[in-house]
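Worksheet: the structure to be examined is printed underneath.
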Amino acid sequence: MSDDRPTVTLTIDGRTVTVPRGTTVWQAARAAGIDIPVFCYHDRMPPLGACRQCLVQVEGMPRLQTSCTLVAQDRMVVHATSPEARAAQERILEFLLINHPLDCPICDKGGECPLQDQAFAYGPGRSRFIELKRDFAKPVSLGPVLVLDRERCVLCWRCVRFGELVAGDDALKGFERGFQTEIDTPFTRPVRSKFIGNTIAICPVGALTSKAFRFLARPWDVRPVPSVCTQCGLGCALTLDVRDGRVARVRPREAPPVNDVWLCDLGQFGYEYLHAPDRLTQPLVRRDGELRPATWREALDLVADRLRAAREADPRRVAALGGTRLTNEDCHLVRRLFGELVGTPHLDHRVDARPGSPSLRLPWGLRTPLAAIDGADWHLLVGCDLTEEYPIAWLRLKRAIDAGAAAFAVHPRALEIDRHLRGQVHPVPGGEAVVLAQLADALAGGTLDGTALQQVDVPPEVVERMVETLRAARRPMLYLGRAALEGPSGEAVLAAARRLHEAGAVVHVMRGKGNAWGAALMGVQPGPGGWTAPEILRHAGEAGVDVLYVLGADPATEVPDHAAWEAARRATPFLVVHDLFLTATAATADVVLPALAFAERDGTVTTIEGRVQRLAAAVRGPGEARADGDILLALADRLGAEWAYAGWEEVFREAAARVPGLAVDAVLTPPPLPDGWAAEVRLPGEAHRPWPGEAWWLLTGEVLFDRGSMSGRAPRIADLAEEPVVVLHPEDAATSGLQPGALVEVAALPPAQPAGSAAGAADGEAAAAPDTHPRGAERALVVRLALDPAVPRGRAWLPRA
Numbered sequence: 107m108s109d110d111r112p113t114v115t116l117t118i119d120g121r122t123v124t125v126p127r128g129t130t131v132w133q134a135a136r137a138a139g140i141d142i143p144v145f146c147y148h149d150r151m152p153p154l155g156a157c158r159q160c161l162v163q164v165e166g167m168p169r170l171q172t173s174c175t176l177v178a179q180d181r182m183v184v185h186a187t188s189p190e191a192r193a194a195q196e197r198i199l200e201f202l203l204i205n206h207p208l209d210c211p212i213c214d215k216g217g218e219c220p221l222q223d224q225a226f227a228y229g230p231g232r233s234r235f236i237e238l239k240r241d242f243a244k245p246v247s248l249g250p251v252l253v254l255d256r257e258r259c260v261l262c263w264r265c266v267r268f269g270e271l272v273a274g275d276d277a278l279k280g281f282e283r284g285f286q287t288e289i290d291t292p293f294t295r296p297v298r299s300k301f302i303g304n305t306i307a308i309c310p311v312g313a314l315t316s317k318a319f320r321f322l323a324r325p326w327d328v329r330p331v332p333s334v335c336t337q338c339g340l341g342c343a344l345t346l347d348v349r350d351g352r353v354a355r356v357r358p359r360e361a362p363p364v365n366d367v368w369l370c371d372l373g374q375f376g377y378e379y380l381h382a383p384d385r386l387t388q389p390l391v392r393r394d395g396e397l398r399p400a401t402w403r404e405a406l407d408l409v410a411d412r413l414r415a416a417r418e419a420d421p422r423r424v425a426a427l428g429g430t431r432l433t434n435e436d437c438h439l440v441r442r443l444f445g446e447l448v449g450t451p452h453l454d455h456r457v458d459a460r461p462g463s464p465s466l467r468l469p470w471g472l473r474t475p476l477a478a479i480d481g482a483d484w485h486l487l488v489g490c491d492l493t494e495e496y497p498i499a500w501l502r503l504k505r506a507i508d509a510g511a512a513a514f515a516v517h518p519r520a521l522e523i524d525r526h527l528r529g530q531v532h533p534v535p536g537g538e539a540v541v542l543a544q545l546a547d548a549l550a551g552g553t554l555d556g557t558a559l560q561q562v563d564v565p566p567e568v569v570e571r572m573v574e575t576l577r578a579a580r581r582p583m584l585y586l587g588r589a590a591l592e593g594p595s596g597e598a599v600l601a602a603a604r605r606l607h608e609a610g611a612v613v614h615v616m617r618g619k620g621n622a623w624g625a626a627l628m629g630v631q632p633g634p635g636g637w638t639a640p641e642i643l644r645h646a647g648e649a650g651v652d653v654l655y656v657l658g659a660d661p662a663t664e665v666p667d668h669a670a671w672e673a674a675r676r677a678t679p680f681l682v683v684h685d686l687f688l689t690a691t692a693a694t695a696d697v698v699l700p701a702l703a704f705a706e707r708d709g710t711v712t713t714i715e716g717r718v719q720r721l722a723a724a725v726r727g728p729g730e731a732r733a734d735g736d737i738l739l740a741l742a743d744r745l746g747a748e749w750a751y752a753g754w755e756e757v758f759r760e761a762a763a764r765v766p767g768l769a770v771d772a773v774l775t776p777p778p779l780p781d782g783w784a785a786e787v788r789l790p791g792e793a794h795r796p797w798p799g800e801a802w803w804l805l806t807g808e809v810l811f812d813r814g815s816m817s818g819r820a821p822r823i824a825d826l827a828e829e830p831v832v833v834l835h836p837e838d839a840a841t842s843g844l845q846p847g848a849l850v851e852v853a854a855l856p857p858a859q860p861a862g863s864a865a866g867a868a869d870g871e872a873a874a875a876p877d878t879h880p881r882g883a884e885r886a887l888v889v890r891l892a893l894d895p896a897v898p899r900g901r902a903w904l905p906r907a
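Position one of the sequence shown corresponds to residue 107 (our numbering), numbered consecutively onward.
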């Protein structure tokens with residue numbers, strides 16, 4: 107235990123132990139290799155002493171002490187295995203087992219249960235209790251992923267404290283008292299949490315178990331395979347437990363610099379799409395207007411012929427989209443195949459970027475390691491919703507807040523985490539730039555313009571608090587999210603962010619899912635004279651693209667401007683798609699090639715902090731599906747390339763030759779913000795205001811649980827996803843005569859008007875910022891109306907679920 111703190115030396119069971127001051131006796135015993143049984147204690151939460159299992163004898167103290175709460179003192183003498191301590195530990199175990207059902211043979215925790223292990227090691231072996239055991243109704247469903255067995259619960263409070271102290275969502279609570287105490291959700295509603303799967307991992311008994319893994323396997327029946335999550339881009343470490351060729355469950359794997367010991371529920375339960383019955387298993391080729399099964403030779407020959415013809419005629423009429431679902435090695439081959447062999451500069455992985463977005467000029471991702479969030483003392487989230495976009499980053503920010511850091515949010519709508527922040531403001535869309543500009547002015551010695559802030563619905567006193575704490579901060583961080591960067595004042599947001607950056611703030615660009623940074627690193631982005639993803643679609647819609655190649659992306663549902671995609675598809679003669687499923691994009695393709703998922707192939711990915719991590723093939727893919735890289739190599743061979751790679755490792759070594767520092771487990775230096783990344787621009791004034799009359803801003807944004815092509819095929823995640831609704835403030839709905847539950851139509855207004863509308867019984871209209879409309883909003887969308895006082899007046903919230 108190396109530490110800069112002063113140390114203390116104590117004796118435990120005759121062993122001399124030196125530990126940093128402030129260490130508990132239980133921690134000191136563990137450091138010395140001495141096992142003391144415990145249930146309530148968990149390393150990532152403050153000690154509680156609730157279960158009393160860790161009692162030890164301390165010389166000079168009249169009673170036995172809970173070692174998990176007792177701070178080690180110099181020259182302390184502790185007996186963890188004395189007859190008195192052992193007798194107490196045995197009695198506590200006997201007490202805990204009085205009402206336990208002792209149903210190990212049918213309990214999912216069997217074989218990895220601390221209660222089971224400690225009963226064998228420290229228990230009495232025989233119970234003196236002959237009365238009837240306490241019984242509860244069971245099993246109790248707490249939502250789509252969690253099952254509760256109250257009879258097994260030992261009231262260690264780990265699950266409750268996780269929600270209170272780690273996640274901050276208070277998902278589970280203890281109710282009643284004494285003999286009748288039980289764990290439940292507030293108001294007995296289905297659990298609402300993005301991290302509830304962690305309570306299964308930390309429960310020391312079988313009280314909380316997974317619906318997805320229920321009665322599926324024993325720990326000794328599965329083969330654990332270490333891997334990483336490829337969902338949001340943080341690259342959380344996980345373990346895939348495999349049985350009979352299928353992923354039976356996913357568990358968090360300890361990785362202190364990344365996810366520590368936690369996973370969000372999307373990472374823990376989103377794997378079920380791997381075994382969906384409608385996975386693509388063989389190539390499809392369009393014949394007579396319909397997609398029909400084909401052999402790999404037929405499909406690859408056709409694609410190679412079209413690429414060869416395009417290369418000979420004009421290679422710049424070929425474009426490729428996608429890359430965030432690919433490995434680093436695949437992305438390297440994409441660049442080589444299309445950039446070198448075909449000769450087109452039109453490559454881009456940023457499929458979901460808005461046309462003209464200033465974020466297209468910036469390197470996406472963090473500018474520091476993820477763990478640096480813990481040590482920063484001032485945080486400002488601008489248009490960034492961490493719990494929905496990068497949930498594990500929220501757990502790090504929550505830890506920093508608990509340690510005293512000041513955190514604020516600037517977002518057009520209320521966020522789930524608002525109650526944990528030092529302050530939050532909800533400006534009208536585009537007003538984020540006003541807040542940042544005022545902060546920068548104040549730091550430069552100016553005074554706040556309260557009138558300018560009030561014009562965008564921002565209370566000046568909250569911004570004053572931001573300024574006061576920022577001036578005292580030593581390590582400030584600014585998180586720029588999609589809602590701000592791609593909002594109506596994105597350029598002005600960047601201009602103000604640049605000023606704060608020059609004043610010492612670290613600016614994170616919170617964009618990019620999956621392997622987005624790896625795709626950029628490997629070169630899946632425009633070359634000299636190349637087009638960005640929105641430009642590719644625009645030129646394709648003008649008949650400027652002959653072959654469009656889409657890899658692991660679904661532009662039909664991902665691009666902000668659905669009309670641009672439809673025009674591009676109509677005007678593009680030949681479309682090729684790699685995917686796992688027949689997505690909306692794949693259904694319109696001329697050739698569809700079945701690909702492998704993250705758990706079915708080897709390689710590496712790069713997180714948004716620049717950490718290079720290893721994927722491992724845990725299961726075989728379905729049918730004839732192939733890795734994207736293998737498909738690209740087969741095409742390269744048909745196009746005359748002589749690329750002789752022995753495996754993914756050789757591709758990785760070749761990529762490392764052009765990317766400085768690239769190595770497995772390396773953390774790459776983030777690319778600097780480029781010169782001229784933001785210019786001074788004049789802030790728009792009245793353009794921030796909603797349009798006159800009965801109108802609202804239509805706010806949309808990503809949600810963690812949706813029904814996309816993968817998550818929609820993971821039953822647990824699909825059940826966690828909310829039903830499509832548009833949410834208004836109750837007073838706005840009352841003013842317009844709209845009732846909760848009413849059907850509301852959402853559609854785009856003509857180009858000269860705001861870009862989105864919502865009309866209901868009273869023909870109320872909802873105006874949207876031009877770049878905050880939902881996917882496909884120019885088509886009518888009929889959803890239910892819900893009410894929430896947390897939605898600011900004058901705005902409508904439409905989650906992209």
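C-beta atoms are modelled at their ideal positions from N, C-alpha and C, and glycine is treated no differently.
Cutoff 8 Å; reference I642; Cβ partners in own chain excluding five residues on either side: A425, L427, H452, D454, V651, L654, A674
Under a Cβ-count criterion, where at least 16 other Cβ atoms within 10 Å of its own Cβ denotes burial, should F758 be classed as buried or exposed? buried
From the DSSP output, in three-state form, read off E715 for me. coil
On the DSSP letters alone, give me the boundaries of the beta strand (DSSP E) that K279 sits inside. 279-281
Whose C-alpha, out of D347, G629, R240, is nearest the C-alpha of G445? G629
Nearest residue (CA-CA) to C564, options A227, G529, R588: At residue 564 the sequence reads Val, which differs from the Cys that was named. Here the closest residue by C-alpha is G529.
Please confirm whether V154 and C146 have their CB atoms less than 7 Å apart. The question names Val, but residue 154 in the sequence shown is Leu. Going by C-beta atoms, L154 is nearer than 7 Å to C146.
With DSSP run on the structure shown, which of helix, strand or coil describes W263? Correct three-state label for W263: coil.
Length of the line joining the Cα atoms of R320 and A820: 16 Å
Kindly confirm or deny that the region 430-443 and the region 397-408 touch, where touching means at least three C-beta pairs closer than 8 Å. no
What is the DSSP secondary structure of P566, reduced to helix, strand or coil? helix
Whole angstroms are fine: how far does the CA of M167 sit from the CA of I103? A query on residue 103 cannot be resolved here, the shown segment of the chain reaching from 107 to 907 and no further.
When you compare each of A840, P421, L600 to G635 by their alpha carbons, which one comes out closest? Nearest option by C-alpha distance: P421.
Classify P421 as helix, strand or coil using the three-state DSSP reduction. DSSP, reduced to helix, strand and coil, places P421 within a helical segment of the structure shown.
Through-space distance from S188 to M182, alpha-carbon basis: 15 Å
Comparing alpha-carbon positions, which option in K317, D241, P582, L208 lies nearest V253? K317
If you count every other CB in all the chains shown that lies within 10 Å of the CB of E538, and 16 or more means buried, which is it? buried
Excluding sequence positions up to five away, which residues of its chain have a Cβ less than 7 Å from the Cβ of A970? The chain is shown from 107 up to 907; residue 970 falls before or after that span and cannot be answered.
So what's W326 in DSSP terms, helix, strand or just coil? In this structure, DSSP gives W326 a helical state, which the three-state scheme calls helix.
Any idea if A135 is buried or exposed, counting beta-carbon neighbours within 10 angstroms, 16 or more meaning buried? That one is buried.
Alpha carbon to alpha carbon, what distance is there between I212 and P330? 22 Å
According to the neighbour-count rule (16 or more other Cβ atoms, all chains shown, within 10 Å of its Cβ), is D667 buried or exposed? The residue in question, D667, is buried, as its Cβ has 16 or more Cβ neighbours within 10 Å.
Note down, in chain order, each residue of its chain lying with its Cβ closer than 6 Å to the Cβ of F242, except the 5 sequence neighbours on either side. R256, E257
Here's a check: name, in chain order, each residue in its chain whose Cβ is nearer than 7 Å to the Cβ of W132, leaving out the five neighbours to either side. I142, V144, Y147, C160, S173, C174
Taking the alpha-carbon positions, what's the V114 to C219 distance? If I take the Cα positions, the gap works out to 34 Å.
What residue range does the beta strand (DSSP E) around F704 cover? F704 -> no beta strand (DSSP E), and no H or E assigned at all.
Contact under 7 Å by Cβ, A311 with L380: According to the sequence shown, residue 311 is Val rather than Ala. Cβ atoms of V311 and L380: not closer than 7 Å.
Could you confirm whether any beta carbon from chain D is found closer than 7 Å to the beta carbon of P220? Although the question refers to chain D, the structure presented lacks it and comprises just one protein chain.
If contacts are defined as beta-carbon pairs under 8 Å, then S463 and L542 qualify, I think. What distance do you get, rounded to the angstrom? Wrong, their Cβ atoms sit about 17 Å apart, outside the cutoff.
Does the region 296-307 come close enough to the region 371-380 that 3 or more CB-CB pairs lie under 8 Å? yes
By how many angstroms is the C-alpha of F226 removed from the C-alpha of L202? 14 Å
Out of Q171, R906, P895, point me to the one whose CA is closest to L887's CA. R906
Compare the C-alpha of A416 against each of Q560, V448, P766 and name the closest. V448
Give the DSSP-derived three-state secondary structure of Y379 in the structure shown. helix
Buried or exposed: where does R764 fall if 16 or more other Cβ atoms within 10 Å of its Cβ makes it buried? exposed
By how many angstroms is the C-alpha of R192 removed from the C-alpha of P778? Between P778 and R192, the C-alpha separation is close to 59 Å.
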